[in-house]
Amino acid sequence: MRQSKLFTKTRKEAPSDEVAKNAQLLLRAGYIYKNMAGAYTFLPLGLQVIERINTIIREEMDAIGGQEMHMPSLQEPSLWEKTDRWSDENVDVWFKSELAAGGAVGLAWTHEEVITEIMRQYVASYKDLPLFAYQIQTKFRNEIRAKSGIMRTREFWMKDLYSFCATEEQHNDFYEACADAYMKIFNRLGIGEQTYKTFASGGAFTKFSHEFQTLAEAGEDVVYVSKAKGIAVNEEVLEEADLSELGVTKDGLEKCKSIEVGNIFSLGTKFSDALGLTYKDESGTDVPVIMGSYGIGPARAMGTVVDLLADEKGIVWPESIAPYQIHLVGLNLDDAEMRDYVEGLYTSLRNRGVSVLFDDRDLRPGEKFADSDLLGMPYRVVASKKTKESGSFEVVTRATGDTRYLTEEELYADFGATADA
RNA sequence: CGGGAUGUAGCAUAAUGGUAGUGUACGCGGUUUGGGACCGUGUGGCCCGGGUUCGAUUCCCGGCUUCCCGACCA
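All the letters of the first sequence, read from the start, carry residue numbers -11 to 409 under our numbering.
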C-alpha cells in the first residue's frame, strides 16, 4: 500500500475527550474514527488489524472443530420471551425498535436463544453431537455508559461460539479444549504472557466459569493473581472463599487491574430446556442438550494489544496482527533516480509476497520517522541516498529499536518467505 | 441511573457583554531535506433552543453532546 494513497492521516494530538491510551493512539494513527460514544469506525488500517485477529481466532476455533456461520442481529421478541430475556427488567442492554410492518424487534446482544432455536432443526440424535458452531458478528448493547475507547462500546464485533454436547464428558472435554485454544489465540496476539485464565462464579450449573483477563493498568476489572501458579480469580470467587480448591490462599494472591479479553461459560441445559432442544439417546429417550458459550471481542483484543505493547512513540504491533510487516520509508524522493530506486525495491518486495506499507510521500525525514513510529509496523526499512551509497538498507525493529543493515538480497531472504505476508 | 465536568476552526487551546487570538493541520510562493525545519501569505470557528440586554460566544434557564467517578456489566 502506498501511503500517499491512504486516505487516513496521522495527527500529532488526540482529541481532548479521548483519555484511553488505546483510543488516543489508534485515533492519532488513523486506525479508527469515533462516530459517537461507544461507536467507532474501523478505517482501512484498523480493519486490517481486526481481520488478522479474526483470522487467528478462526484458525484456532476451526482447529477444535468449530464451524463458522453467521446469525442476524435482528431479533423477534417471542423467542426471547421463552427464556424470559426480552423484558427490560431482566435485560437492560437491549436496543429495541418497531418494525414498519408492525411488531417489535431487537438488536441481538448475544445469540444463545437464536442458535438453540436453529439447532432444534439439526440435532435429533446423540449421533449428531457434539457440535460446535461460531460466528464473528456484530453485537449491540445499550450500555448506560460506554467508555475506555474501543474497550467498551455499544456496537462491537464478537466471536461467539456455542457448544452442543450429549454428555458432561463431551462438554468438559470441549470446554478445556476451548480454554486451551483461547490461550493459543492470546499468545498469538502477543498478550499471552499477561493473560490469565481466571476463575469466576459459575452460576447455576457449574462451580466456575472462566474469564481470560489480561493484566493492564488500563483495565476495568480487578483480579487476584497467582503468577507462580499462572491462575487468577475474580472478586466474587475471592469472596466465596473456595480458594482451597484452586490450591491458592488469599494471602498468596496479588491484586491487579485487568482487561477481560475472553470468557467461557457452561450453560448446562438452561437454554435447551427452555427452547426444547433435545436429542434421542441410544435408548430412544429425549434428553436435553448440554450447552456452553465462549466469547472473544476482537476489537477489545486489539485495544488491549495497543495498551500493552505501545511505547511513548506510538503503537507497536506484533507481526501476527500488524496491518503490514514492513514500513518502507523512502527518503530523498525528490531525486528522480532515488525514486526509481525505491519504487523498484517496493515492487520487488511485493513480488516476493512481502506485505509492505510504502511511505512514498515527499516529506521531510523527521516527519516520516515520527509517523512510522506512531503507525507501529514491526519493521521499518529505510531507503535513502545514504543507504543506496552503502549498498544496504537500514532495518529497524519497532519493538526494540534494534537496527541492522541488510543488502537487498539479505532483505529478500529475511522477509521474502514470511508466512504472514 | 446518581454525582462531577465539558462544548470556541479538522485538531489543540486563549480572551471577551460590543462578532474572536495563537499553535497545528490545510492552500499558495520560497528556502530546506536522517527525527514532526523555517520565512511570507491565505482559507477556516463561538453545540442547539429560550430568556435578560440597545447588543449574548460571554450572564441565566432548558435541552443535547462528550468525558470522568460510582452503580451496572455471560
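Where is the CB? At the ideal position from N, CA and C, for every residue including glycine.
Nothing here was measured: the structure is a model prediction, and the numbers come from that model.
query: Should residue 246 and residue 210 be called a contact, given that it needs their Cβ atoms to be closer than 8 Å?
result: As a position in the first sequence, residue 246 is number 258, starting the count at 1. As a position in the first sequence, residue 210 is number 222, starting the count at 1. If you check the CB distance, residue 246 and residue 210 come in under 8 Å.
message: Taking 6 Å as the limit between beta carbons, can you name the residues of its chain near residue 301, skipping five residues before and five after?
response: Residue numbering aside, residue 301 sits at position 313 when the first sequence is read from its first letter. The residues are 361.
query: To which residues of the same chain is residue 394 closer than 7 Å at the C-beta, ignoring the five residues directly before and after it?
result: Position 406 of the first sequence, counted from the first residue, corresponds to residue 394. Hits under 7 Å: 380, 381, 383, 402.
query: In whole angstroms, what is the alpha-carbon distance linking residue 119 and residue 153?
result: The count along the first sequence starts at 1 and reaches residue 119 at position 131. The count along the first sequence starts at 1 and reaches residue 153 at position 165. Residue 119 and residue 153: Cα-Cα distance of roughly 7 Å.
- prompt: According to the neighbour-count rule (16 or more other Cβ atoms, all chains shown, within 10 Å of its Cβ), is residue 241 buried or exposed?
  reply: As a first step, residue 241 must be located in the first sequence, where it is residue number 253. Buried, since its Cβ has 16 or more Cβ neighbours within 10 Å.
Reduced DSSP category for residue 175 - H, G, I as helix; E, B as strand; rest coil: In the first sequence, residue 175 corresponds to position 187, counting from 1. Looking at residue 175 - three-state DSSP - the assignment turns out to be helix.
- request: Given a cut-off of 8 Å, decide if residue 251 and residue 197 are closer than it, judged by their beta-carbon atoms.
  value: For the purposes of this step, residue 197 is identified with residue 209 of the first sequence, where counting begins at 1. For the purposes of this step, residue 251 is identified with residue 263 of the first sequence, where counting begins at 1. In contact: residue 197 and residue 251 (Cβ atoms closer than 8 Å).
message: If I measure Cβ to Cβ from residue 370 and keep anything under 6 Å in the same chain, skipping five residues before and after, which residues do I get?
response: As a working note, residue 370 is residue 382 in the first sequence. 317, 382, listed in sequence order.
- prompt: So, using beta-carbon positions, are residue 163 and residue 34 closer together than 8 Å?
  reply: Here the question's residue 163 lines up with position 175 in the first sequence. Here the question's residue 34 lines up with position 46 in the first sequence. Not closer than 8 Å, so no.
query: Taking Cβ to Cβ, would you say residue 74 is nearer than 8 Å to residue 65?
result: Working through the first sequence from its first residue, we reach residue 74 at position 86. Working through the first sequence from its first residue, we reach residue 65 at position 77. In this structure, residue 74 places its C-beta atom within 8 Å of the C-beta atom of residue 65.
field: 8 Å CB neighbourhood of residue 267 in its chain, flanking five on each side removed
entry: Counted from its first residue, the first sequence places residue 267 at position 279. Correct list, in chain order: 111, 112, 113, 114, 116, 117, 154, 274, 275, 277.
query: Leaving out the 5 sequence neighbours to the left and right, which residues in its chain are closer than 6 Å to residue 136 when beta-carbon positions are compared?
result: Residue numbering aside, residue 136 sits at position 148 when the first sequence is read from its first letter. Answer for residue 136: 8, listed in chain order.
query: With a Cβ-Cβ cutoff of 8 Å, do residue 178 and residue 308 count as a contact?
result: Numbered from its first residue, the first sequence carries residue 178 at position 190. Numbered from its first residue, the first sequence carries residue 308 at position 320. Their beta carbons are under 8 Å apart, which means residue 178 touches residue 308 by this criterion.
- request: Measure the CB-CB distance between residue 449 and residue 141 and report whether it falls below 8 Å.
  value: Given that the chain is displayed from residue -11 to residue 409, the structure contains no residue 449 and the question cannot be resolved.
query: Which term fits residue 89, buried or exposed, when burial requires 16 or more other beta carbons within 10 angstroms of its beta carbon?
result: Here the question's residue 89 lines up with position 101 in the first sequence. So residue 89 ends up on the exposed side.
query: CB-CB under 6 Å to residue 287, same chain, minus the five flanking residues each way: which ones, in chain order?
result: On the first sequence, position 299 is the one that residue 287 refers to. Within the same chain, residue 287 has close Cβ partners 138, 144, 145.
task: Could you say which of 150, 108, 244, 104 lies nearest to residue 124 if we only look at CA atoms?
output: On the first sequence, residue 124 is found 136 positions in, with the first residue counted as 1. If we check each option's Cα against that of residue 124, 150 comes out closest.
query: Is residue 58 buried or exposed, if buried means 16 or more other CB atoms sit within 10 Å of its CB?
result: Taking the first sequence and counting its residues from 1, one reaches residue 58 at position 70. Result: exposed.
query: What's the gap between the Cα of residue 208 and the Cα of residue 186?
result: Sequence index remark: in the first sequence, residue 208 carries index 220 (1-based). Sequence index remark: in the first sequence, residue 186 carries index 198 (1-based). The alpha-carbon atoms of residue 208 and residue 186 are separated by roughly 15 Å.
field: Ordered list of beta strand (DSSP E) runs contained in the segment 191 to 234, each at least 3 residues
entry: 196 to 203, 209 to 214, 219 to 222
query: Which partner residues does residue 123 have in the DSSP bridge list?
result: Indexing the first sequence from 1 puts residue 123 at position 135. Beta-bridge pairing links residue 123 to 148.
- prompt: Per DSSP, residue 84 is paired with what?
  reply: To locate residue 84, count along the first sequence from 1; it is residue 96. Residue 84 is bridged to 94.
Per-residue DSSP class, three states only, for residue 10: For the purposes of this step, residue 10 is identified with residue 22 of the first sequence, where counting begins at 1. Three-state result, residue 10: helix.
- request: Return the first residue and the last residue of the beta strand (DSSP E) that residue 381 is part of.
  value: Position 393 of the first sequence, counted from the first residue, corresponds to residue 381. First-last of the beta strand (DSSP E) with residue 381: 381 to 385.
query: In three-state terms, what does DSSP make of residue 338?
result: Within the first sequence, residue 338 is the residue found at index 350, counting from 1. If DSSP states are grouped into helix, strand and coil, residue 338 belongs with the helices.
message: Measuring only the C-alpha atoms, how far is residue 22 from residue 14?
response: By one-based count along the first sequence, residue 22 stands at place 34. By one-based count along the first sequence, residue 14 stands at place 26. So the two alpha carbons sit approximately 10 Å from each other.
field: heavy atom of the ligand NAP below 7 Å from residue -11 C-beta
entry: Looking for the ligand NAP in the displayed structure turns up nothing, as the structure carries no ligands at all.
task: Enumerate, from N- to C-terminal direction, the unbroken beta strand (DSSP E) stretches of 3 or more residues contained entirely within the segment 4 to 85.
output: 20 to 24, 27 to 30, 54 to 56
Alpha carbon of residue 243 to alpha carbon of residue 203, nearest angstrom: In the first sequence, residue 243 corresponds to position 255, counting from 1. In the first sequence, residue 203 corresponds to position 215, counting from 1. Computed Cα separation, rounded: 10 Å.
message: Using a Cβ distance threshold of 8 Å, determine whether the segment 230 to 239 contacts the segment 42 to 53, with at least three qualifying pairs required.
response: no
- prompt: So, helix, strand or coil for residue 392, using DSSP?
  reply: As a working note, residue 392 is residue 404 in the first sequence. Strand, per DSSP.
Burial state of residue 372 (16 or more Cβ within 10 Å): By 1-based counting over the first sequence, the position of residue 372 is 384. Looking at its Cβ environment, which holds 16 or more other Cβ atoms inside 10 Å, residue 372 is buried.
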